[in-house]
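K.L.:
Residue numbers (my numbering): 162 to 924. Handing you a structure now.
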């Protein structure tokens, strides 16, 4: 092709093959500038799907405008030959800088990492995933800048196709990939989910970046095998050698960044690449000289590394001197304290050994109360109740559970209740060794249950060598109520309240909370509980003003009694949202997550409020949903709100993936159909949207009817849309701001009947 002209580009040399096509150096005849011209590879020209995908992804990537990403100038097609004209980057590939005898200087490692991560973050913010990030796709210009090549244009290899069904390792790897050295460079940087043929998102790029950062910092790859198959097996199953072992003296913060990027599970990595950028910038600007302590740090990540030097530091002094690594030839830094990790513990759901299964509510309450008391100890890291909720299988290995939860210690226990008598058994286990550190049986009456909870929490602190301040002692021994009958009714109400959307259960929950308040009118937790249920009743079954005012009164009283109670501000936030004051709801729920940042349900509801506020905060909604998922990976509701936030940002395909994950986690989840209907409505596939919403016709909820009206309006079915909208308003819908801003109702706004309808219900 050299010397030929494609469109207005004269081809001058072949640069190579990359991604989905061949790359040529060319001159833009019109603008007199050099370009790199990517042309779809010959073997795929015949395939219409590949050609269409090539052009689609190129046009998407062309929207990127960032100094660290290679710019796409033009996307076109001549005689059915698609091409992309892009910036011709002069410089050296990062891969050529990583083959030396010595790894890069640490200062340069962090500088380059910041530049690459900034480019990634910009692309991810536009919903664009690289899928083949590796040193060969990172160019270093003569002036020290970074240019990432081929964003969004990576070629799938064999079974590694986005969206392909997963399978065994043997099924996933193609015969071509088992040849030694064929595409080992690409395989070495693949994420586990990409290697299994699963759908990938920005977190797959974060993993690839982690491999790249590990290689820059140590001079070697974290996952190495003689063949592609062997390398992939290690990516899927093995933990890499800690970077501080591969290269002595690495800063602790750099090591933590690398290990988070290389977490096996996507949810345990950086969910927002901007957080990765922030951590790298902080590392760059602070210039900390602290190397990784041999003690290491406990972390909330669920894929722990095996620290080779962990046992060597038991008697190491807490201060040491190292030379600054960002400065060059500065004097030695002053001694820096080694940060010692707080001990971490998870309280597993206490098992009900009572003869009556109805006492499940009581054992659940025991679990939650001990978690609450332990959380008041500043020197202790406690897993949230939502993160431990799924660990009810008593046969599971405690070391496996500790690994999954990212904690060192686990409290396991059981409750046996017979009438007024209670027996509580508890044991504290070291999750690393499986050794039993403490066990005890508490026997007494219901009147003694509060003392049992307090003694358990205080004993755990003692066994973990934590010295509690007088204030912490008081906090642990603080009781929400002194009345056992009130406490018992409260626990029953909480158990019933978790059956959302079941009217009979919610009504029974209200009765139990009312009983609790009869015994103790100032029981703040019971007030917050009844406020939550009354608000849920208002949203789903009874839109009377009396109902929502009653809920608000209970919540306000709870806040007055205990301003630090997250359940109280949480209830107020839900009430505000159910009144369609989403801005107020977002403020209250932000207060809630500040009070209890480890509770997934609070983050989930914050995501809901941010998606609907005016103007919608799509990014904030997505961030909050990811926080919920990080705390509780199996959380279909959080994936629903993640999808809502992504739709608000215009990231529709990612929204679809979130909704599909929601359905995978719970095929019967209540929002499964409405979520997919929103996706198809957003992309303009109205027929498919209606098919999904009609599957929910029997539920007859306000939001199902609302989206049915939106689909009808977008389809031009004016009469039926107006009739459905009137029904929605009759059912209590009053979110006029969202209604007026929605593009789906644009066809109705010129209709006098619409204006009359809105005016009637706004009065």
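The C-beta atom is built at its ideal place from N, Cα and C for all residues, glycine as well.
Tell me, to the nearest whole angstrom, how far the beta carbon of residue 868 is from that of residue 894; I am working on the premise that it is less than 8 Å.
P.N.:
No, residue 868 and residue 894 are not in contact; Cβ-Cβ is about 11 Å, not under 8 Å.
K.L.:
Mark residue 921 as exposed unless 16 or more other C-beta atoms lie within 10 angstroms of its C-beta, in which case mark it buried.
P.N.:
It counts as exposed.
K.L.:
Between 776, 746, 759, which has its C-alpha nearest residue 769's C-alpha?
P.N.:
Cα-wise, what sits closest to residue 769 is 746.
K.L.:
Any idea if residue 798 is buried or exposed, counting beta-carbon neighbours within 10 angstroms, 16 or more meaning buried?
P.N.:
The residue in question, residue 798, is buried, as its Cβ has 16 or more Cβ neighbours within 10 Å.
K.L.:
Exposed or buried, what is residue 520 when buried is set at 16 or more other beta-carbons lying within 10 Å of its beta-carbon?
P.N.:
Under this definition residue 520 is a buried residue.
K.L.:
Residue 373 and residue 296: beta carbons closer than 8 Å?
P.N.:
Taking 8 Å as the Cβ cut-off, residue 373 and residue 296 qualify as a contacting pair.
K.L.:
When the Cβ atoms of the region 572 to 587 are set against those of the region 504 to 512, are three or more pairs found closer than 8 Å?
P.N.:
Segments in contact, yes.
K.L.:
Within 10 angstroms of its Cβ, does residue 195 collect 16 or more other Cβ (buried), or is it exposed?
P.N.:
Residue 195 is exposed by the Cβ-count criterion.
K.L.:
Take residue 165 and list the residues in its own chain whose beta-carbon comes closer than 6 Å to its own, dropping the five residues that flank it on each side.
P.N.:
Taken in chain order, the residues that qualify are 172.
K.L.:
Within the continuous alpha helix (DSSP H) that includes residue 823, where are the two ends?
P.N.:
Its alpha helix (DSSP H) spans residues 813 to 826.
K.L.:
If you draw a straight line from the C-alpha of residue 877 to the C-alpha of residue 238, how long is it?
P.N.:
Rounded to the nearest angstrom, the two C-alpha atoms are 36 Å apart.
K.L.:
Residue range of the alpha helix (DSSP H) that residue 805 falls in?
P.N.:
Element bounds for residue 805: 797 to 809.
K.L.:
Quick one: residues in its chain with C-beta nearer than 8 Å to the C-beta of residue 704, no 5 flanking neighbours on either side, listed in chain order?
P.N.:
Here the set comprises 892, 893.
K.L.:
Near residue 414, which residues of its chain fall below 6 Å by C-beta distance, leaving aside the five closest residues on each side in sequence?
P.N.:
Cβ neighbours of residue 414 beyond the five flanking positions: 444.
K.L.:
Quick check on the burial criterion: 16 or more other C-beta atoms within 10 angstroms. Buried or exposed for residue 775?
P.N.:
Residue 775 should be labelled exposed.
K.L.:
So who's on the other strand from residue 243, going by DSSP bridges?
P.N.:
Note: residue 243 sits in a beta bridge opposite 238.
K.L.:
Could you check whether the region 647 to 667 touches the region 534 to 544, counting it as contact only if at least three pairs of C-beta atoms, one from each stretch, sit closer than 8 Å?
P.N.:
No, the region 647 to 667 does not touch the region 534 to 544.
K.L.:
For the alpha helix (DSSP H) that residue 533 lies in, which residues bound it at each end?
P.N.:
Here the alpha helix (DSSP H) through residue 533 covers 521 to 535.
K.L.:
Hey, is the region 282 to 291 in contact with the region 218 to 237, meaning 3+ C-beta pairs nearer than 8 Å?
P.N.:
Segments in contact, yes.
K.L.:
Hey, would you say residue 801 sits closer than 8 Å to residue 739, going by beta carbons?
P.N.:
Going by C-beta atoms, residue 801 is not nearer than 8 Å to residue 739.
K.L.:
Is there contact here, the region 715 to 734 with the region 684 to 691, by at least three beta-carbon pairs under 8 Å?
P.N.:
Yes, since at least three Cβ pairs between the region 715 to 734 and the region 684 to 691 fall closer than 8 Å, the two stretches touch.
K.L.:
Rounded to a whole number of angstroms, what is the C-alpha to C-alpha distance between residue 307 and residue 389?
P.N.:
Approximately 28 Å between the Cα atoms of the pair.
K.L.:
State the Cα-Cα distance for the pair residue 777 and residue 430, rounded to the nearest angstrom.
P.N.:
Looking at the two C-alpha atoms, the distance is approximately 26 Å.
K.L.:
So the candidates are 756, 723, 767; which of them puts its Cα closest to the Cα of residue 735?
P.N.:
Closest by alpha carbon: 767.
K.L.:
With distance defined between alpha-carbon atoms, name the residue in 175, 787, 840, 191 nearest to residue 185.
P.N.:
Looking at the Cα atoms, 175 is the closest of the given residues.
K.L.:
Among the residues of its own chain, which have a CB less than 6 Å from the CB of residue 371, if the five just before and after it don't count?
P.N.:
Contacts found: 419, 422, 423.
K.L.:
Distance check for residue 567 and residue 856, CA to CA, integer angstroms please.
P.N.:
Going from the Cα of residue 856 to the Cα of residue 567 covers about 40 Å.
K.L.:
Which of the three DSSP states is assigned to residue 727 in this structure?
P.N.:
Residue state, collapsed to three classes: helix.
K.L.:
Quick check: what's the CA-CA separation for residue 523 versus residue 917?
P.N.:
Between residue 523 and residue 917, the C-alpha separation is close to 53 Å.
K.L.:
Tell me which residues share the same chain as residue 577 and place their Cβ nearer than 6 Å to its Cβ, disregarding the 5 neighbours each side in the sequence.
P.N.:
If we look at residue 577 and ignore the five residues flanking it on each side, its Cβ neighbours are 514, 515, 584.
K.L.:
Where does residue 194 fall in DSSP's three states?
P.N.:
Residue 194 falls in the strand class under three-state DSSP.
K.L.:
Between residue 351 and residue 600, what straight-line distance do the alpha-carbon atoms span, to the nearest angstrom?
P.N.:
About 45 Å.
K.L.:
Report, in whole angstroms, the separation of the C-beta atoms of residue 790 and residue 428, which I expect to be a contact under 8 Å.
P.N.:
That belief holds up - the Cβ atoms of residue 790 and residue 428 are roughly 6 Å apart, short of 8 Å.
K.L.:
Just verifying my parser: in three-state terms, what is the DSSP assignment at residue 896?
P.N.:
In the structure shown, residue 896 sits in coil (DSSP, three-state: anything other than H, G, I, E or B).
K.L.:
Given a cut-off of 8 Å on the beta-carbon distance, is the pair residue 598 and residue 589 in contact?
P.N.:
A contact, by the Cβ cut-off of 8 Å.
K.L.:
Please tell me whether residue 401 and residue 383 are closer than 8 Å, where the distance is taken between their beta carbons.
P.N.:
Cβ distance < 8 Å, so residue 401 and residue 383 count as in contact.
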